[in-house]
Every structure is written in C-alpha cells, then in structure tokens.
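Peer 1: Counting from 1 along the sequence shown, just add 1130 to a position and that's the residue number in this note's numbering.
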Amino acid sequence: MVLAAYSTTAFAQDFTDLKVEKIAVGMRFTEGPAWSPEGFLLFSDCVTNKLHKFIPGKGESVFGEIAGGPNGNAYDAQGRLYTCEFRQRRVTRTLKNGRVEVLAMRYEGKRFNAPNDIAVRRDGHVYFTDPAFGNQQDTRELDFYGVFHLTPKGELDAIAKLKTRPNGIALAPNGKTLYVADSDERCIRAYDLERGGAERIAIENIPGVPDGLRTDEKGNLWVAAKKVYAYSPQGNLLGQIELAETPSNLAFGDGDLQSLYITARTTVYRVRMGVKGASQN
C-alpha cells in the first residue's frame, strides 16, 4: 500500500497520514458500493450474484441475492435501492418492503447491453451507464454504448451514444454536472445537465482503466483506476491511494460521510478521509 499527496490544501489531512483497513475479504469480484441512509455499506459480489452489507462496529454479512447480476448500486433520498443488473440487462429499484420494480430494460425497443453503474439525484432523476465488456459484446442489440437518463415519471432518454465504453458515474455536489468514466479513452467525461447534456473532457490520461468514481463536497473527483486518484474539479491530480488489489469502485460513507469505501476485486477497504462525500453519492 502506498499513499501519496500532491496537494494537501483541498483536504483536512495529508494523504500520507491515511490508514487503510480491510472491512470485507474473500469475495469473488466486488463492485457497486453504496452507503445506505440506514447506516450501512451495501456492495455487490458480481460473480456470486450476492449483495453484501457492512455495518460499522458489527461487520459484514450477506444482504441478499439478485439472480440478474448486481453491479452498480445507489440509494435515493427515500432509502430505495437502485441496482444495475448486468445479466438481466436491466435497472431495478427495490422498495423498503422488498418489492422489486423494473425501471428500464430497453431503449427504443432494443435490450440494453449490460447496465453497469448508476447515480440518483436528490430530486429522483436517475443516470446510468450501459457498456459491454467481454462476452457481453456477443448479445448486443444497440449499436452504441449509452449514458442514460430516467426521469421520476419513467421517461428514458440517452444523454450520450458513445463508441467507447462508459463505466462509473457520479454527480457534482450541486447535481448540475454528470461525470462518466470512459474506460476505453482513459478519461472522465462531464455533461452539463442544464445545457442539454453538453459534453467536455474533465480529466484525461488516467493511469489504468477508469472504473467507478465519486465526488466529494468540494467538487473533487475520486476515480478508481490503476489506483484510487483524487482530482480537483479543474482536473489537477491531488493525490493517490495504492492498494494491494486493483480498485473497481468507491463510495463515501459512515455517519459523517468522511470514510471512503473502496471495492477492489476480493476485498473491500475503508479509508477515513478529511473531506466529506457529496450527499447524493
């Protein structure tokens, strides 16, 4: 494990002071961390189709099983769980009573490729990515990789139709900018949601394959790639966290939202930070 800091002005503590702890081990492939309003971390084990939860002070346990293949997860302001099911190629919402609603599984009559990651804005608007990796390419019906928007009324539209594969997704603290990791171009794309989804490249030349990402209350971007990288809103590298396994995704959690939870293959890590995560994450 290596911790490095390039600028400490954006944080309450130097990266070199950070302590990395393992909170779950022995998984197959962890993904989709999301902090529940009820006070626990939820994450997917994509290989076993299981959802796990971690309660600080109590430990990790199995939360449930989703045969459709859970990947990215997110909670809304009401505590409802949204999940990208890559095997069933759909997006679902699980109500607090356990009932599962299918929110979307087709675009213009064609099946999604393999919904991957998801973000829910405070007002209930949902955003998700739809790449295709490995043998997911064999069953594609769409001729593009999409970044999709689902309104609270259930209306679906494509914010972007890409030739390269979008992966992780996150909202700026004010909910006006949508950030998407492009795994093929090794960059972060930004979409201005108040200007019809106008696109720009926010971060370029990310080492490794950018996967999950989150924002903090200051607007900094945290990217899971070869390592965990922290960037300013202007795209400047602030620091990095190197782990024993390649990170796949991350989420801020704990009661004060100042712990960064990182899924990394067979292990989930927690790092206490000096900055608070953006609340919609």
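Just so it is clear, CB atoms sit at the ideal spot from N, CA and C, and this is done for glycine as well.
Predicted model only: the values in this text are computed from it and were never measured.
Just to confirm my understanding: we take E1315, look at its own chain, exclude 5 residues before and 5 after, and list those with CB closer than 6 angstroms. What are they?
Peer 2: If we look at E1315 and ignore the five residues flanking it on each side, its Cβ neighbours are T1294.
Peer 1: Would you kindly check if the distance between the Cβ of P1163 and the Cβ of N1179 is under 8 angstroms?
Peer 2: No, Cβ-Cβ distance for N1179 and P1163 is not below 8 angstroms.
Peer 1: If you run the structure through DSSP and keep just helix, strand and coil, what is T1393?
Peer 2: Residue state, collapsed to three classes: strand.
Peer 1: Thinking C-alpha only, which one of G1276, N1297, P1363 and L1211 is nearest F1170?
Peer 2: Measuring from the Cα of F1170, the nearest candidate turns out to be L1211.
Peer 1: Write down every uninterrupted run of the beta strand (DSSP E) in the stretch 1189-1276 whose length is 3 residues or greater and which is fully enclosed by it, in chain order.
Peer 2: You should have 1189-1195, 1200-1205, 1211-1215, 1220-1224, 1230-1234, 1248-1250 and 1256-1260.
Peer 1: Can you give me the Cβ contacts of A1142 inside the same chain, cut-off strictly under 7 angstroms, excluding the 5 residues immediately before and after it?
Peer 2: Because the pLDDT of A1142 is 41, which lies under 50, any placement of that residue in the model is unreliable, and the question is left without a value.
Peer 1: Is the Cβ of I1392 closer than 8 angstroms to any Cβ of chain B?
Peer 2: This model lacks chain B altogether, as it is built from one protein chain only.
Peer 1: Beta strand (DSSP E) containing G1369: first to last residue?
Peer 2: Run containing G1369: L1367 to E1372, per the beta strand (DSSP E) assignment.
Peer 1: Does D1341 come out as helix, strand or coil in the three-state DSSP assignment?
Peer 2: The answer is coil: DSSP assigns D1341 none of H, G, I, E or B.
Peer 1: Please name the residue, chosen from R1402, D1260 and L1280, that lies closest to E1271 on a Cα-to-Cα basis.
Peer 2: Ranking the options by Cα distance to E1271, first place goes to D1260.
Peer 1: From T1138 to D1322, what distance separates their C-alpha atoms?
Peer 2: With a pLDDT of 39 at T1138, under the threshold of 50, the predicted position of this residue should be treated as unreliable, though the coordinate-derived value follows. About 28 angstroms.
Peer 1: Of the choices R1402, T1397 and V1401, whose alpha-carbon is the least far from that of G1190?
Peer 2: Here residue 1190 is Glu; the residue named in the question, Gly, does not match the sequence. Comparing Cα-Cα distances from E1190 to each of R1402, T1397 and V1401, the minimum goes to T1397.
Peer 1: Report the CB separation of G1298 from L1343 in whole angstroms; it is logged as a contact under 8 angstroms.
Peer 2: At roughly 4 angstroms, the Cβ-Cβ gap stays under 8 angstroms, so G1298 and L1343 are in contact.
Peer 1: With DSSP as the reference, identify every bridge partner of G1407, one or two as the case may be.
Peer 2: In DSSP, G1407 forms a bridge with D1346.
Peer 1: Where do the N-terminal and C-terminal ends of the beta strand (DSSP E) with G1383 fall, by residue?
Peer 2: Its beta strand (DSSP E) spans residues N1379 to G1383.
Peer 1: Could you check how far apart the C-beta atoms of G1365 and A1332 are, in whole angstroms? I think they sit under 8 angstroms.
Peer 2: Their Cβ separation, rounded to whole angstroms, is 6 angstroms, which keeps G1365 and A1332 in contact under 8 angstroms.
Peer 1: What residue range does the beta strand (DSSP E) around P1296 cover?
Peer 2: Unbroken beta strand (DSSP E) run through P1296: P1296 to L1301.
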